[in-house]
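K.L.:
Protein chains in written order, with the working numbering: chain A, 3 to 187; chain B, 3 to 187.
Virtual Cβ for every residue (Gly too), placed ideally from N, Cα, C.
Have a look at this one before I ask anything.
Number of protein chains: 2
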Amino acid sequence: MQQRNADRTRMRILAAATEEFAARGIAGARVSRIAEVAECNKAMLYAYFGNKDGLFDAVFTASVDAYLDEVGFDAEDLPAYAGRVFDYFEAHPDHLRLSIWYRLERPEGQSLEAILAVNQSRLDELQRGQRRRAVPREFTAVSLLSLIQAIATSWSSMNPEYIAAVPNESVRRRAVVMAVRKILS
Amino acid sequence: MQQRNADRTRMRILAAATEEFAARGIAGARVSRIAEVAECNKAMLYAYFGNKDGLFDAVFTASVDAYLDEVGFDAEDLPAYAGRVFDYFEAHPDHLRLSIWYRLERPEGQSLEAILAVNQSRLDELQRGQRRRAVPREFTAVSLLSLIQAIATSWSSMNPEYIAAVPNESVRRRAVVMAVRKILS
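Below, the structure written as structure tokens:
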């Protein structure tokens with residue numbers, strides 16, 4: 003029973019922290035606001051997560067895990083993969099914002115083990131695909147990953163001033179998938 | 003003489019603020035740190051720029067103006083344009099960071115007039131190019147702008163964990179220009 007309460011508190015803190023970090027970033031987030039939304043006190047939050055950085059690590063790792071679980075990877079069908087990346091971030095704009103804050107605010111931080119392992123396995127998979135000619139060889143594996151990631155999330159890199167000109171979701175998705183197909187052709 | 007001193011102070015504040023905002027964003031920036039680096043007092047800084055948001059606006063507008071001046075636009079040679087965007091942000095990573103902070107921290111802020119006007123003129127130029135078949139029509143004008151911008155800055159959207167795998171500048175530039183060429187083919 004006590005364990006169940008502790009788990010619930012932990013989940014409430016993570017949910018509140020995801021929202022706060024996605025909205026304001028690491029420097030901008032306020033632990034007191036997270037504690038208030040999660041209906042716990044700051045001492046309890048620090049007991050679970052150490053400090054604000056520890057809490058961000060827990061939030062970001064959970065977000066990356068959920069993303070990897072849902073999106074997967076398939077070196078032999080990269081346009082479909084790009085479509086899934088697009089879909090994921092349409093459904094979870096908070097997770098995209100977390101990853102952008104992470105890049106901006108932790109440019110030289112300690113690497114997250116989960117990300118290092120996934121990067122390497124994707125590069126390996128692409129390179130194997132290139133060796134057996136299932137993946138075009140004009141771009142290096144890391145260039146392909148970088149281009150596909152950028153194209154799949156391209157709409158989010160528009161300045162807010164463009165909002166009025168941005169087409170609906172299905173048009174945007176089609177542009178992403180077609181662009182990746184062209185890159186590979 | 004007094005005017006010249008005032009101009010110099012203003013330039014020193016803008017330079018210090020560019021560095022501070024690029025490193026820490028709007029919420030994370032500290033006006034006291036900017037004043038210290040610029041060797042002026044906070045009262046003077048507020049007299050010139052109003053408040054921290056006004057100072058960010060001045061810094062970001064100057065950065066956008068410099069970018070637009072140097073990079074230009076050419077609907078009839080978009081791969082070369084993408085190469086120039088790439089070059090600009092390689093030379094001025096601070097300006098790229100400013101624009102990312104701007105998107106994250108001002109998602110629904112007041113639009114900057116300078117950006118609105120430039121967006122519209124680029125969309126118009128692309129659409130004119132499409133009407134006379136100088137620009138491919140498979141993508142809408144706004145999709146093209148979004149894709150090209152994302153591809154030109156694709157390397158910056160890699161997580162820092164990839165740094166060891168990232169190739170040198172000329173390989174990265176070639177990937178950008180080739181990707182845009184393929185998008186248009």
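Are the stretch 164-174 of chain A and the stretch 3-10 of chain B touching by the rule of at least three beta carbon pairs closer than 8 Å?
P.N.:
The answer is no - the stretch 3-10 of chain B does not touch the stretch 164-174 of chain A, with fewer than three Cβ pairs under 8 Å.
K.L.:
Using a Cβ cut-off of 8 Å, which residues of the stretch 173-186 of chain A contact any Cβ in chain B, in chain order?
P.N.:
Hits within the stretch, in order: V173, R174, A177, M180, A181, K184, I185.
K.L.:
Roughly how many angstroms lie between the CA atoms of R124(B) and F75(B), to the nearest whole one?
P.N.:
So the two alpha carbons sit approximately 7 Å from each other.
K.L.:
A19(B) and L57(B): beta carbons closer than 8 Å?
P.N.:
Cβ distance < 8 Å, so A19(B) and L57(B) count as in contact.
K.L.:
By a C-beta neighbour count over all protein chains shown, 10 Å radius and 16 as the cutoff for buried, is K184(B) buried or exposed?
P.N.:
K184(B) comes out buried.
K.L.:
Going by DSSP in three states, F141(A) sits in which element: helix, strand or coil?
P.N.:
In the structure shown, F141(A) sits in coil (DSSP, three-state: anything other than H, G, I, E or B).
K.L.:
Could you please give the first and the last residue of the uninterrupted alpha helix (DSSP H) stretch that includes D126(A)?
P.N.:
115-133 is the extent of the alpha helix (DSSP H) around D126(A).
K.L.:
Select from the stretch 136-149 of chain B all residues with a C-beta closer than 9 Å to any C-beta belonging to chain A, and list them in chain order.
P.N.:
Cβ contacts with chain A come from E140, F141, T142, A143, V144, S145, L146, L147, S148, L149.
K.L.:
In the stretch 101-128 of chain A, which residues sit with their C-beta less than 8 Å from some C-beta in chain B, listed in chain order?
P.N.:
For the stretch 101-128 of chain A, which is checked against every Cβ of chain B, the residues closer than 8 Å are S101, I102, W103, Y104, R105, L106, E107, R108, P109, E110, G111, S113, L114, I117, L118, N121, L125.
K.L.:
Does any CB atom of chain B fall closer than 8 Å to the CB of R99(A)?
P.N.:
R99(A) counts as touching chain B.
K.L.:
Is A77(A) helix, strand or coil by DSSP?
P.N.:
Note: A77(A) maps to coil in three-state DSSP.
K.L.:
Which residues of chain B have a Cβ atom closer than 8 Å to the Cβ of E163(A), listed in chain order?
P.N.:
Correct list: S113, L114, I117, L118, N121.
K.L.:
Using C-beta distances below 8 Å, list every residue in its chain close to D55(B), excluding the 5 sequence neighbours before and after it, in chain order.
P.N.:
Result list for D55(B): I28, in chain order.
K.L.:
Are the C-beta of V168(A) and some C-beta of chain B separated by less than 8 Å?
P.N.:
Answer yes: the Cβ-Cβ gap between V168(A) and chain B drops below 8 Å somewhere.
K.L.:
Under 8 Å, do L16(A) and A68(A) count as touching if we go by C-beta distance?
P.N.:
Taking 8 Å as the Cβ cut-off, L16(A) and A68(A) do not qualify as a contacting pair.
K.L.:
Anything in chain A within Cβ reach of R26(B), meaning under 7 Å, just list it in chain order.
P.N.:
In chain order: A29.
K.L.:
Is the separation between the beta-carbon of V168(B) and that of V144(A) shorter than 8 Å?
P.N.:
Cβ distance < 8 Å, so V168(B) and V144(A) count as in contact.
K.L.:
Do the stretch 70-85 of chain B and the stretch 138-156 of chain B meet, that is, are 3 or more Cβ pairs less than 8 Å apart?
P.N.:
Yes, since at least three Cβ pairs between the stretch 70-85 of chain B and the stretch 138-156 of chain B fall closer than 8 Å, the two stretches touch.
K.L.:
Alpha carbons only, please: which of E78(B), F23(B), L70(B) is nearest the one belonging to A60(B)?
P.N.:
The residue with the shortest Cα to Cα distance from A60(B) is F23(B).
K.L.:
From which residue to which residue does the alpha helix (DSSP H) around R32(A) run?
P.N.:
Segment: none, R32(A) is in no alpha helix (DSSP H) and carries neither H nor E.
K.L.:
Can you find a C-beta in chain B that's less than 8 Å from the C-beta of S34(A)?
P.N.:
So, not an interface residue.
K.L.:
Taking Q151(B) as the query, report the chain A residues whose CB atoms sit under 8 Å from its CB, ordered along the chain.
P.N.:
Per Cβ cutoff of 8 Å: S156, S159, M160.
K.L.:
Report the residue from Y90(B), F51(B), A25(B) whose alpha carbon sits nearest the alpha carbon of L70(B).
P.N.:
The option with the nearest alpha carbon to L70(B) is Y90(B).
K.L.:
Taking 8 Å as the threshold (C-beta atoms), are V137(B) and L128(B) in contact?
P.N.:
Contact flag set, yes.
K.L.:
CB-CB under 8 Å to E21(B), same chain, minus the five flanking residues each way: which ones, in chain order?
P.N.:
Counting only Cβ-Cβ distances below 8 Å, and skipping sequence neighbours, we find V39, D96.
K.L.:
Pull up the distance between the alpha-carbon of L118(B) and that of R105(B), whole angstroms please.
P.N.:
So the alpha carbons of these two residues sit roughly 14 Å apart.
K.L.:
Can you say whether R99(B) is buried or exposed, counting buried as having 16 or more other CB atoms within 10 angstroms of its CB?
P.N.:
Burial call: buried.
K.L.:
Which same chain residues, not among the five before or five after A25(B), have their C-beta less than 6 Å away from its C-beta?
P.N.:
Nothing listed; no residue qualifies.
K.L.:
Taking Cβ positions, are S159(A) and V178(A) nearer each other than 8 Å?
P.N.:
No, the Cβ-Cβ distance between S159(A) and V178(A) is not below 8 Å.
K.L.:
For M180(B), does the three-state DSSP call read helix, strand or coil?
P.N.:
Helix.
K.L.:
Taking just the CA atoms, how far does S101(A) sit from D126(A)?
P.N.:
Roughly 23 Å separates the two Cα atoms.
K.L.:
Should I165(B) be labelled buried (16 or more other beta-carbon atoms within 10 Å of its own) or exposed?
P.N.:
Flag for I165(B) reads exposed.
K.L.:
Looking only at its chain, what residues have a beta carbon closer than 6 Å to the beta carbon of A181(B), apart from the 5 residues adjacent to it on each side?
P.N.:
Excluding sequence neighbours, A181(B) sits near I153.
K.L.:
What separation, rounded to the nearest whole angstrom, lies between the Cα atoms of A93(B) and E72(B)?
P.N.:
Those two C-alpha atoms are separated by around 12 Å.
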